[in-house]
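For reference, the structure is listed below as structure tokens.
In the numbering used here, the protein residues as written are 53 to 168.
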């Protein structure tokens, strides 16, 4: 009986807020995709080498440059990235850089992670 109650509680909680689950880039398990952006999987790449990984991931969406900068400016330090400039962060021997470009009504954000 207790088992059934726990299962039902889990099902109930799982269905409450599906949008509350954070999305992450497919090639970088701890780099969140800002709400309103969508990953462009075909533009991403990963190279693993003894000196470290080189990763590039891309997302696009109808959000403002200001919102993108604010979201990642607040989120990346929470994930252990130390801000070196407005678009450069460092963590554990790696550097993360991002660039925001305008594509008509949408903005594209391109992240690159490489050895520091």
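For every residue, glycine included, the Cβ atom is placed at its ideal position computed from N, Cα and C.
Just so you know, these numbers come straight off a predicted model, no measurement behind them.
Continuous beta strand (DSSP E) stretch holding residue i: start and end
i, result
"residue 89", "Note, residue 89: premise wrong, no beta strand (DSSP E); not H, not E."
"residue 104", "104-113"
"residue 94", "Where residue 94 is concerned, there is no enclosing beta strand (DSSP E), given that its DSSP letter is neither H nor E."
Per-residue DSSP class, three states only, for residue i
i, result
"residue 158", "strand"
"residue 79", "coil"
"residue 74", "coil"
"residue 53", "A caution first: residue 53 carries a pLDDT of 48, below 50, which makes its placement in the model unreliable, though a value can still be read off. It is coil, neither helix nor strand."
Interface flag, residue i vs chain C, CB-CB below 8 Å
i, result
"residue 91", "Given the protein chain composition of this structure (a single chain), no chain C is represented."
Bridge-paired residues (DSSP) for residue i
i, result
"residue 150", "163"
"residue 119", "Note: residue 119 sits in no beta bridge, so no partner."
"residue 126", "Looking at the DSSP assignment, residue 126 forms no beta bridge with any residue, so it has no partner."
C-beta atoms of residue i and residue j nearer than 8 Å
i, j, result
"residue 107", "residue 80", "yes"
"residue 162", "residue 151", "yes"
"residue 94", "residue 131", "no"
"residue 112", "residue 89", "yes"
"residue 170", "residue 114", "Summary: the structure shown does not reach residue 170, with the chain confined to residues 53 through 168, and so no result is reported for it."
"residue 160", "residue 109", "no"
Presumed contact (8 Å Cβ cut-off) between residue i and residue j, rounded CB distance
i, j, result
"residue 84", "residue 76", "6 Å"
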